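A.B. asks: Sharing a structure with you now.
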Amino acid sequence: MSFQAPVYLWALLILPVLAYLYWRARQGRGQGFVWLPDLERVRLASGVTRSWPGWLAVGLYGVSIALALLVLAKPTAALPTPDEQAGVVLAIDVSGSMMADDLKPSRLDAAKAAARSFVERMPAGVKVGLVSFAAGAVLESGLTADHQGVIERIDLLERRANTAIGEGLLESLKAFPTGANHQVAVPATVILLSDGRNRIGVSPQEAAQEAKRRGVRVFTIGVGSDDPNASVDWAGFDEAELRGIAEVTGGRYFAADSADRLQEIYRELGSQVGWKLERTQVSGLVALLAGFCLALSLMVSWGSRRLI
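Numbering (the numbering used here), first residue to last: 218 to 525.
What follows is the structure, given as structure tokens:
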């Protein structure tokens, strides 16, 4: 937390003075200073010495004063806000092995469902694109803030033959606008999902190096399990290759062996991409917290028949 008017933090020095005056008032059995209206008479009438609820009330009252003084300094905090300049491309493997049913109802259907949920959770204004890849790569939807349109394109994805992971990544890079030296001009992320091995086209590592050069971060997801009853013969995805793509570009690799796990991965990614930290004044929140502490102090004090 930082402050727009830090000079007012000097006002916090009044707290030790108030604490001292309160202690002196307590030494005089309450004669002198009355911190809250009418509570002194309640204390004297009760004839009961202070117990821990009373000290809790005093502490809460002191916290409320400190928070109220902090408001004067106009506190700010870095809070996540939607980044309308950001772009996210979902690259989804649609090869034949994606019809295996170890992820229910199939890998492809599970991937489509998780991708739909991801897009639905994206904050308004964040641009999303879609690429499918098998023997080649197809830009199904360019970067757009029309999230419903992207969801409709996800629903239309169909199986094709072969697997070209590198081509899928290169096609994803083309979706981002570039500036000087072919560097991507916006915060850019690719989320690439595959259940196989690269069999055709440019190598995934070559594509990853191009993504790094352009400043695009790539998250990779390996899909599939060791279920011997899967309906499609499958040699397994190349975990080392997918992990390498993520490491080269500053992203992260995930393994999804169930539809539920795939949903979790996309939820986690949804909290990381499409957002930025922006300093925002939080004086209102601090003032609200100060009021809450004061109200709680009063409740504790009255409830225990103790003086604040």
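We treat Cβ as the ideally placed atom computed from N, Cα and C, and that holds for glycine.
From a predicted model like this one, the values you see are computed outputs, not experimental measurements.
(1) Looking only at C-alpha atoms, which of Ala354, Pro340 and Leu386 sits nearest to Gln365?
(2) Is the CB-CB distance between Ala351 and Thr395 below 8 Å?
(3) Just the C-alpha distance for Ala290 and Val275, rounded to the nearest angstrom, thanks.
(4) How would you call Ala262, buried or exposed, if buried means at least 16 neighbouring beta carbons within 10 angstroms?
(5) Assuming Asn543 and Asp474 make a contact with CB atoms under 8 Å, what is their CB distance in whole Å?
(6) Pull up the CB-CB distance for Arg469 and Phe436, whole angstroms please, since I reckon it's below 8 Å.
(7) With a threshold of 7 Å, establish whether the CB of Ser323 neighbours any heavy atom of the ligand NAD.
(8) How should Glu458 be labelled, buried or exposed, when 16 other C-beta atoms within 10 angstroms of its C-beta is the threshold for buried?
(9) Compare the C-alpha of Pro297 against each of Lys493, Val517 and Gly501 and name the closest.
(10) Using CA coordinates, which residue listed in Gly441, Phe335 and Met516 is at the minimum distance from Leu325?
(11) Specify, as a first and last residue, the run of the alpha helix (DSSP H) that Arg338 falls within.
(12) Considering only residues of the same chain and omitting the five flanking positions on each side of Leu235, which have a CB-CB separation below 6 Å?
(13) Report the rounded CA-to-CA distance for Ser312 versus Arg376, giving the unit in angstroms.
(14) Only counting the same chain, and skipping five residues up and downstream in sequence, which positions put a Cβ closer than 6 Å to that of Arg434?
(15) Could you tell me the distance, in whole angstroms, from the CA atom of Ala308 to the CA atom of Leu360?
(16) Report, in whole angstroms, the separation of the C-beta atoms of Val403 and Ala303, which I expect to be a contact under 8 Å.
C.D. replies: Based on what the coordinates show:
(1) Pro340
(2) no
(3) In this structure, the alpha-carbon of Ala290 lies about 24 Å from that of Val275.
(4) Because the pLDDT at Ala262 is just 49, under 50, the model does not fix this residue reliably, and the value given afterwards should be weighed accordingly. Exposed is the call here.
(5) In this structure the chain extends from 218 to 525, so residue 543 is not present and cannot be described.
(6) 5 Å
(7) For the ligand NAD, the structure offers nothing, since it holds no ligand at all.
(8) buried
(9) Measuring from the Cα of Pro297, the nearest candidate turns out to be Lys493.
(10) Gly441
(11) Here the alpha helix (DSSP H) through Arg338 covers Arg324 to Arg338.
(12) Correct list: empty, nothing qualifies.
(13) Approximately 6 Å between the Cα atoms of the pair.
(14) Beyond the five residues adjoining it in sequence on each side, Arg434 comes within less than 6 Å, by CB distance, of Thr406, Thr466, Gly467 and Gly468 in the same chain, given in chain order.
(15) Ala308 and Leu360: Cα-Cα distance of roughly 12 Å.
(16) 6 Å
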